[in-house]
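Working notes, structure below.
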Amino acid sequence: MLMLNYDLSWHSLFPFAKLSGAICIYNKFYMKQNSTLHQGLYFSKARSLLRVFSLSVFFSSAFLPNAGAEVLKPALHSHFLFPSSQQIAVSGTVTDDLGEPLPGVSVVLKGNNSVATQTDIDGQWSLNVPSAQSVLVFSFIGMQPQEVLVGNQTTVNVELQPDVQSLNEVVVVGYGTQRRSSVVGAVDQVNAAALEGRPSANVTQALQGASPNLIVQQPNAEPGAGMNLNIRGISTLGNNSPLVVIDGIVGGDLNNLNPSDIESVSVLKDAGSAAIYGSRANNGVVLVTTKKGKKNTRPVVDYNGLAGVNNPHFFLKPVKGFQNAMLRNESAANAGVASAIYTPEQIRQFQEQGDYEWFADEITQSAWQQNHNVAVSGGGENSTYLVSAGVMDQRSNFVGPDKGLRRYNYRLNMTNEVGRFKLTSMLSYSRREVTDHASSTSTLMVDASRVPLYYAQKDSLGRYLTNDVLQEFNSLGVLEKGGFRKYDDDNIFGNLTAEYAINDNFKIRGVFGGNFYSNHQFGRTLRVDYFPKGISGADQNTYDESRKGLDLNTQFIAEYSKLFADEHDVNLLLGVSNENQSSRGTGIFKRFTDPDLGTPVTETIIETRSYTSNQGAAENSLNSAFGRASYSYKDRYYGEFSFRYDGSSKFHESNRWGFFPSLSLGYRLSEEDFMANYRENIGNLKVRGSYGVLGNQNVDNYQFRTTFFTFQNAYGFNNSGVGGTGYNFANENLRWERAATFNIGADMDFFNGALSLSLDYFNKTTTDILVPPAVPGVFGTDLPDFNSAKVANKGWEVATSYRHNGDLFRHFISLNIGDTRNEVVEFEGEERLTGREELQILLKEGYPYNSYVGLKRDGYFQTIDEVENGPKPEGLALQPGDNRYVDVNGDGIINDDDLFVFGNPFPRLTFGGRYNVEFKGFDVNLFLQGVGKRTMMIRGESVEPFHFNYGMTMYEHQLDYWTPQNPNAEYPRLADNGSPSNVNNYRRGSDLYLYNAAYLRLKNVQLGYTLPESFSSRLGMKKTRFYVSGQNLLTFSKVKFVDPELSEFNSNMESSGANSGRAYPTMVYYGFGLDITF
Amino acid sequence: MVSDWILLFKMMKNKILNTIGMAAMVLVFLTGCKKLDLIPEDQFTDENYWTSEGKARSVLNTAYSQMANSATFFYNEALSDNAVVGRGDAEGVASISRGTFDPSLVRFKEEWNESYAGIKTTNIFLENVDRVPNMNEDSKSRMKAEARFIRALKHFQLMTWFGDIPLVSQDLTLEEARTISRTPRAEVLSFILSELDAAAADLPANTELSANERGMLTKGAALALKARVLLYEGEWQQVVEVCEMLMNGSNGSYALFPSYADLFHPDNQYSPEDILSLQYVPELRTWGEFFDFAPISVGSRLNAMAPTQELIDSYLMTNGRTIEDEGSGYNEDNPYVNRDPRLTATVVYHLYQWDADGGTPRTIYTRPGTAPDDTGKLDEYSPGSSASPTGYYWRKYYDPEHSSNMASGLNLMLIRYADILLMYAEAKNELGQLDESVWNQTIRPLRERAGFTDAGALTFPSAGQSALREIVRNERRVELALEGLRIFDIRRWRIADEALNGWVHGARFGSPSDDGGYIRVVQRSFDESKHYLWPVPRDERNINKNLSQNPGWN
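Taken in order, these protein sequences are the chains called A and B. Each residue of the first sequence is one higher than the last, beginning at 25 in the working numbering. Each residue of the second sequence is one higher than the last, beginning at 110 in the working numbering.
Rendered as structure tokens:
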């Protein structure tokens, strides 16, 4: 390959030198930078165009030549007087590093952009150039541009190398795109490759571990269950979920998307990048861009399939039946119960008869999961298209009639250009069908896991059995015969963008899009009789609920971009938008319906909780103006200002509008002349910083008004129900929550771009946080959110990747890690302690939000003497082997004055890592993910033996309990519910219930093989890869009896009870996948 | 360079102005389209709510529902020596009765918060009802009286548990609620009494209620509550006076219902004995505590609260003697025969004949190893199982017309006429005036109604004041068992040291070496120095620094 050794760049201020044929010798490195800069110009132009289309990455440079010429004219003047009129016809083929032909590559004569073409479907091109001195520039997004001196060649074949520095990668940002090199905000982009080949049931799941401080938690592994998505930790006290923007439309549902349709996901973390979304951006923004066709390409058909089996895995393991009987006797005896619960004969009998299958194992089974997707894409001169269809089928691991989740996705993305007018239309349809049992999963799981192994769930006559632990019903009966809930949710998501280029610098566009959904649920509970007693579903409920909603988003945007005097790159964007959401629903609930059909019969009652669509109708609206002005000088200094001005229906007129500005600055230090040495020997270096204010309006509709609502059967007179009225007190002064966010970061690369590193530090202070105030009971009712708290949140992120392409092996490693720490700075000078089962959670100045509060254990009382002289809770007669607590005030009494503040449930030091290696046709992908620090509260039967007399089996991990021979046990001595020892050890909330939930998990492993192209093409395929994939194969954690990934909190940081042990089992997946491109 | 900059700014300026102008126009267009003043479709605002009598009544109905709840009504029984909780800690009664609690116990907070929630509803009503245009004055004054009654009732409940409490006679702002201090008990008491007088003046007598108003508050209810308040204060003379206002027929018409057992049957709701009851409606507004009270073989889930041996022992023999009396005829091996018929109407014991739903009676086996079939075995005493920890179950208030999960629409009587007679007898005795005529007006009719026929039980016993006191107190205990009142009697009689300490027992199915073979269920502890009053909830004192605490707590 020829390298050009002199500079023809417009950047040079010495055209004379070029004309005179003088050769300016630059060092090699500088040349490379120059070409990058040159390339940068193209792409800054491309970026504008892309913005114009509101489209994404793979727009080829098809329409660059014309536009580019416009830009270049003022700079080039008329210096290009080519000495020769002789035209040389040159042609060739452009391939990628794998030898695949690359269509759509821009081939431009350096110095005269009007002489340009692009490669066709087969990567071929031809062009007439003026002279042998002509230099051709080959460029393609995602590839390093290349310059070639024509010389005496007539055939120039070029192989473009992937752009590992990805400085030219196009990054999707709010209302547009930017080149990676000019991004000055904290933006992470996750590309399609990171999401591929994993059996992810939805996009949220697929994003786990993909970006630092993008924290995905799974409260429950059940098909269709929601996930927690969070960016940079806890900065507000309500909903901490980020704003989701899909193809420019605000507020879509990630879980309705087909992961295969996704081109990229941008995560906007700081104020600089997110402020343009103003009032909703406090928790960060997730921008999803879907795939589109490429121009001038033949139809490409892609098929991806993945089929496998999810195997339920329980971390708990019950003890053997006879062992449990002995333990119960011990526990009862320790509590002073005189008579044994089980006689020696019974225990012997349990041992002889052997154990029945654990109920939890009996109600779960392995289940299939399949994902299949087909996409057809392509494009002509003026249009592109992509049509995709996918099906995801995840069967439930519960036994009984078929249950699980199916999702169907269809998508049509099209772009059309007519002159200066461009139209992009996207339409996607998704349907989710979930079939569930009629009960609650946690009830079924807890009931099944609590029963000792000497009970059977079903007898030989097929009767479902009840026992001393389960008196009314058992989980197997409910799952097999108890009825169902069926959900079918239809969702149409559309986006129409019309754009008109008034001239080459000034464009306007209108975006109209929205989300229409229709969710429906139908359920029946069926009566099941148990032996010797018990009935479930006796009411024979049949119900229907449906909800329809429409979220509309209208935007008008004007955009101006121009390069002045070669070095001042200016981009301006101004827009206005309205977003409104409205939904209505109906529900009808009947009891005592026909057992076969669920139809009404004589006894049928329509329940009063049935509702018509005026009840629970919801509506809100947001009007906004927003804008961004960005400026860069010599592609070296960057400045960006953005703002949003939002007015929301959720606030009273006087507090309605909020203004959210941000300022970002960036400096590519390595571009400076004095850094030439560094640049040459080490690599790129950019520093960037931003400061801005973001908002949050996460409150319910109408909260600023005191409202009265009526309901039926509040009370009764003369045996007839009468209605009542309830009230919701208002806070008229409700206003926006505001988060001031400072971010500083650096992007750098080393070893010629093989190693890249990004560092970020942020400091965010959210004021006027919307949170219900501490309301005394004397007040008589709850209050809605007040702007009454302030939280500081600090953290950092490191993302690094390394690529090494050897002769045989190609390695790619990426690692990311982030940490956040929040602290409540103000809460009206008050503290709020909220009971969470045995413990409490704290909202108080100086502590992280929702820190656990309880007593601190100080070993065990080992002797009667210690008991008598040691501190004890009031009224409790204790024994050796009971928990001893730290007596803070030394008064000898353990009470509320002795509480400690412990850790909090939010994950810190979250990390993800990928390793990919390719060897000939083989590839191996490893994906690891985990949490470095988290306090997890676990309680209930998995901690406390014979919990409240509800749980009646112990588990193996609990066998390490105190006895005189085992004085340093993990758990205190056994003693029945209600005994003073039990009250002391388990009812007094202590750090006994807190566990270290740090973990490292081998989340996904793929082993793949790609058929040689020669072989594939004989089969009529371009590319064929098949692979095996495994999920959740290995977990390393200190807590052994619960999946450490489970969370007891949802994304609103509301606790669903610290009963993670009662969750649907963790699924270990093994599957086979196939990717074919035709 | 400089000229470039000028060029740049000029161009930018023009473009920006143009753009802003255009954007502004679009913005005007847009905001005109979509207004931000949205009004809820399914809720009234404060401005448009108070428009009719019906709407005012609807708020009052909510206040009625806040008078009491079935869970505390029943489970409070286990705060006393009549019942014990063997599983769980429903309504905090296990913790309280065992003495293993501190001010953070959730029950205290719930009792406090729910009471003040009821008070708030009444205050909102009282402060807004005058806004209703053209409202009938009579119904307005009656409704105000109902609200004042409920407000007084809530204060009475709070005062009984906590002693000094914040008196909230008007709706508080958040600021006031955060700084209010406890009003001395005496002041709360006089507020309650004067409010009840005012309410009684404007409330109709029970005879004036139309059929569809049955269950609404009456003059009689206000007087009866006043009698109870005075009883708890030991204002014996006033108790006598108020009870007489109800016994002489001048404030409505009240009488004992002929059958004790049938009094708690759904057919006999709104009997002349019912002075104030918490209203339930089958299917629509139900309570379900019996799902954890009845014998398991008849369809309950498990046993969460069981009668104690101590309660069983308090029932007299049919000859009027206590089981300990000489010549009582009590046989420890056949303990349930020849007993006060109210025992069978209240408690289920071994070999009980359970008749329900009209079929043949089912025999209940609670002695271990006696049941003939698998279903019957479910009721047998078995430590650590879901069966009763005492070997006894409940019968009184069992609703044979219950729907699934024993959901019942049966009204729960908060004050009934029998209570008036018992209050009268007690007050008269304390005044040294319990003579044969008072006896024949009170205890005798109660025993006759219960089914006693033996003269030994019916005739006025010639005994001294303190012996009569024991008789009246015991009569009160058995007559009102499972009506949630025993704990208040124990507290006002100051007998907790004896009644609420030590082992609680069950039937004689236990180890013969302990307590004569009576099952030791749980051990209780009552600290006289501090347990007579509940501590002010910890959370409440965290928020409001002006709230003081009861003695012995911090």
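C-beta: ideal position from N, C-alpha, C; glycine also.
Cβ neighbours of A/L709 within its own chain (closer than 6 angstroms, five residues either side excluded): L693, S694, M772.
A/G622 has a beta carbon lying at 7 angstroms or more from every beta carbon in chain B.
Following the DSSP letters along the chain, one finds A/H676 in no alpha helix (DSSP H), marked with neither H nor E.
Counting only residues of its own chain and dropping the five nearest sequence neighbours on each side, B/F400 has a CB closer than 6 angstroms to the CB of S409, R410, N514, M515.
For B/H614, the secondary structure class from DSSP, reduced to helix, strand or coil, is strand. Within the stretch 989 to 1010 of chain A, the residues whose Cβ lies closer than 9 angstroms to any Cβ of chain B are, in chain order, D1000, N1001, G1002, S1003, P1004, V1007, N1008. A/Y691 is positioned such that its CB atom lies closer than 7 angstroms to that of A/Y661. Taking C-beta atoms as the reference points, A/N913 and A/D921 count as a pair closer than 7 angstroms. Following the DSSP letters along the chain, one finds B/R650 inside the alpha helix (DSSP H) bounded by residues 647 to 652. The three-state reading of DSSP puts A/I526 in coil, since its state is none of H, G, I, E or B.
At a cut-off of 7 angstroms between C-beta atoms, A/I865 does not count as an interface residue with respect to chain B. About 17 angstroms separates the beta carbons of A/Y979 and A/W986, which is beyond the 8 angstroms limit, so they are not a contact pair. Three or more pairs of CB atoms, one per stretch, sit closer than 8 angstroms, so the stretch 882 to 900 of chain A contacts the stretch 204 to 217 of chain B. Between A/G296 and A/S825 a beta carbon distance of about 23 angstroms is seen, past the 8 angstroms cut, so the two are scored as non-contacting. Setting aside the 5 residues that flank it on each side, B/D606 is surrounded in the same chain by F635, E637, each with a C-beta closer than 8 angstroms to its C-beta; the list follows chain order. B/Y533 carries a helical assignment under DSSP once its states are collapsed to helix, strand and coil. If you look at A/K318, you'll find it isn't in any beta strand (DSSP E); DSSP assigns it neither H nor E. DSSP, read as helix, strand or coil, puts A/F338 in coil. Three or more beta-carbon pairs separated by less than 8 angstroms are not found between the stretch 606 to 619 of chain A and the stretch 662 to 682 of chain A, which leaves the two stretches without contact. Legend: CB atoms of the stretch 434 to 468 of chain B lying less than 9 angstroms from CB atoms of chain A are not found in any residue. Distance from the Cα of A/D553 is smallest, within the candidate group A/H971, A/V502, A/T1090, A/G859, for A/V502. Of the candidates A/A1022, A/R938, A/L1016, A/R938 places its Cα closest to the Cα of A/G221. Residue pairing of A/A413 in beta bridges, as defined by DSSP: A/V398, A/Y434. Per DSSP, A/I865 is one residue of the beta strand (DSSP E) stretching across 863 to 868.
Just so you know, the alpha carbons of B/V456 and B/T479 end up roughly 19 angstroms apart. Listed along chain B are N170, each with a C-beta nearer than 7 angstroms to that of A/V746. In summary, the residues of the stretch 789 to 814 of chain A whose CB is separated from some CB of chain B by less than 8 angstroms are P797, A798, V799, P800, G801, V802, F803, G804, T805, L807, in the order they occur in the chain.
Among the CB atoms of chain B, none fall inside 7 angstroms of the CB of A/N498. Residue environment for A/T731: buried (at least 16 other C-beta atoms within 10 angstroms of its C-beta). Around the beta carbon of A/I239, a 10 Å sphere encloses 16 or more other beta carbons of the protein chains shown; the residue is thus reported as buried. In terms of Cβ geometry, A/S607 and A/R571 form a close pair [threshold 7 angstroms]. In the DSSP assignment, B/A605 falls within the unbroken alpha helix (DSSP H) covering 605 to 608. Taking 7 angstroms as the CB threshold, A/V361 lines the interface with chain B. Judged by DSSP secondary structure, A/A218 falls outside any alpha helix (DSSP H); it is assigned neither H nor E.
Neighbours of B/V277 across chain A, judged by C-beta separation under 8 angstroms: V802, G804.
Under the 7 angstroms criterion on CB atoms, A/D920 is classed as interfacial with respect to chain B.
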